[in-house]
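To start, the structure under review is shown below, and the notes come after it.
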Amino acid sequence: MNVRTLAVLALPVAILVSACSTASSPVSGVASPPAESASSTTRTSDGGQVTVVVDWAGPAAGAVFDVKLDTHSVDLDALVLSDAVLRNDRSEMLTTQPWSAPKGGHHREGSLTFEGDAASFFAGARWIELALPGVGDIPERTLRWELGA
55 MNVRTLAVLA LPVAILVSAC STASSPVSGV ASPPAESASS TTRTSDGGQV
105 TVVVDWAGPA AGAVFDVKLD THSVDLDALV LSDAVLRNDR SEMLTTQPWS
155 APKGGHHREG SLTFEGDAAS FFAGARWIEL ALPGVGDIPE RTLRWELGA
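Heads up, the sequence shown is in my numbering, so the first residue is 55 and it goes up one at a time.
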């Protein structure tokens with residue numbers, strides 16, 4: 055093999071190696087999920103064979119949460135979330151109304167609304183926690199939002 059043939063073969067290898075180098079900038083579209091910040095409206099709880107994603111628009115939206123449940127292991131139709139509790143840093147609690155979520159087997163989504171005076175519950179609170187007992191194999195899931203009061 056002569057030098058010219060070797061150079062022609064080495065060029066594509068050099069281009070391939072430089073394109074696959076870890077020193078290059080990350081590829082867009084292949085990102086890890088962002089960490090949840092205190093100001094984020096969405097909280098996620100994984101584990102116990104069920105993923106729970108809860109979105110809350112903040113105190114102005116009242117005590118209404120969009121709850122999504124997802125699994126590939128268990129049937130979620132029996133869950134009614136009637137034991138869910140909303141609590142704040144002052145040890146105040148609100149209880150839930152029936153969860154309005156159509157049955158869907160392994161995937162369910164609906165609004166979870168809490169009864170009581172939401173305005174006074176949120177006023178001056180530093181944080182709130184949504185406690186969801188008995189979802190999947192976890193005794194109680196706790197999702198927290200910092201309010202910054």
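Note that the Cβ used here is the ideal one computed from N, Cα and C, for glycine as well. Every value quoted in this text rests on a predicted model; they were computed, and no experiment measured them.
Rounded to the nearest angstrom, how far is the Cβ of residue i from that of residue j, given a contact under 8 Å?
{"i": "Leu123", "j": "Val106", "result": "6 Å"}
If we call anything under 8 Å between Cβ atoms a contact, is residue i one with residue j?
{"i": "Val134", "j": "Leu166", "result": "no"}
{"i": "Ala179", "j": "Asp137", "result": "no"}
{"i": "Phe119", "j": "Leu201", "result": "no"}
{"i": "Leu186", "j": "Arg195", "result": "yes"}
{"i": "Ile182", "j": "Arg141", "result": "yes"}
Run through DSSP, which three-state label would residue i get?
{"i": "Ala172", "result": "helix"}
{"i": "Ala111", "result": "coil"}
{"i": "Leu135", "result": "coil"}
{"i": "Pro193", "result": "strand"}
{"i": "Val106", "result": "strand"}
{"i": "Pro187", "result": "strand"}
{"i": "Glu146", "result": "coil"}
{"i": "Val128", "result": "coil"}
{"i": "Arg97", "result": "strand"}
{"i": "Gly164", "result": "strand"}
{"i": "Lys122", "result": "strand"}
{"i": "Arg180", "result": "coil"}
{"i": "Pro156", "result": "coil"}
{"i": "Leu140", "result": "strand"}
Nearest CA to the CA of residue i: which residue from the options?
{"i": "Asp171", "options": "Thr150, Asp109, Trp110 and Asp131", "result": "Thr150"}
{"i": "Ala111", "options": "Gly164, Thr96 and Leu148", "result": "Thr96"}
{"i": "Leu130", "options": "Trp199, Arg162, Gly102 and Ser99", "result": "Arg162"}
{"i": "Glu169", "options": "Gly158, Gly159 and Pro152", "result": "Pro152"}
Taking the beta carbon of residue i as the centre, do at least 16 other beta carbons fall within 10 Å, making it buried, or is it exposed?
{"i": "Val108", "result": "buried"}
{"i": "Gly190", "result": "buried"}
{"i": "Ala177", "result": "exposed"}
{"i": "Ala132", "result": "exposed"}
{"i": "Ala117", "result": "buried"}
{"i": "Ala155", "result": "buried"}
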